[in-house]
Amino acid sequence: STAEQFNIVMKDREVNIKYLSGGNAQKVMLGRWLLANVKLLFLNGPTVGVDIGAKFEIYEKLRVLSEQGMMLVIISDDVPELALNCSRIIVLHKGAVVKELKDEQLTEDSINAALASLM
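All letters in the sequence shown, in the order written, are residues 1356 to 1474 by this note's numbering.
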């Protein structure tokens, strides 16, 4: 089941998502999208409001999905999250690409420098 696959902790399978913890709610939403068999997944702040343990569970699930060929687009202002999980980062400003980072550039310092250049 999705609950087992994502290690979702709940007392009752029929519980409304609004009564779950932030981490469990995020994992439910990710699981719902994966059941749709999508090839491209847009994630806006995928770990906002979740505890550190749930963050790393979500990161691991995203890594596996990426290795299986799913394209993930992560929208986030969490620089450590981006450095840890992305193979390519595109910095946009007013709808235009201002910087592309990949390979050895995917460090927190490089990402912060790219963001600071917008100020």
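All residues carry an ideal CB built from backbone N, CA and C; glycine is no exception. As the structure is a computational prediction, the values presented were derived from the model and not from experiment.
So for Leu1470, helix, strand or coil by DSSP? For this step, residue 1470 is matched to residue 115 along the sequence shown. The answer is helix: DSSP assigns Leu1470 an H, G or I state.
Tell me the residue span of the beta strand (DSSP E) that contains Val1434. To locate residue 1434, count along the sequence shown from 1; it is residue 79. That residue, Val1434, is in no beta strand (DSSP E); its alpha helix (DSSP H) goes 1434 to 1440.
How do the stretch 1412 to 1419 and the stretch 1377 to 1396 stand: do at least 3 beta-carbon pairs fall below 8 Å, yes or no? yes
Please classify Val1405: is it buried, with 16 or more other beta-carbons within 10 angstroms of its beta-carbon, or exposed? Residue numbering aside, residue 1405 sits at position 50 when the sequence shown is read from its first letter. Under this definition Val1405 is a buried residue.
Three or more beta-carbon pairs under 8 Å between the stretch 1419 to 1426 and the stretch 1456 to 1464, yes or no? no
For the alpha helix (DSSP H) that Ala1409 lies in, which residues bound it at each end? Your numbering for residue 1409 matches position 54 in the sequence shown. Per DSSP, the unbroken alpha helix (DSSP H) holding Ala1409 starts and ends at 1407 to 1422.
So, at 7 Å on beta carbons, what are the nonlocal neighbours of Glu1436 in its own chain, with the 5 sequence-adjacent residues on each side left out? Here residue 1436 corresponds to residue number 81 of the sequence shown, with the count starting at 1. The residues are Thr1402.
Inter-residue Cα distance where the pair is Phe1411 and Ile1445: If you number the sequence shown from 1, residue 1411 lands on position 56. If you number the sequence shown from 1, residue 1445 lands on position 90. Each residue's alpha carbon lies about 23 Å from the other.
What does DSSP give as the partner residue(s) for Arg1443 in the beta ladder? As a position in the sequence shown, residue 1443 is number 88, starting the count at 1. Arg1443 is bridged by DSSP to Lys1457.
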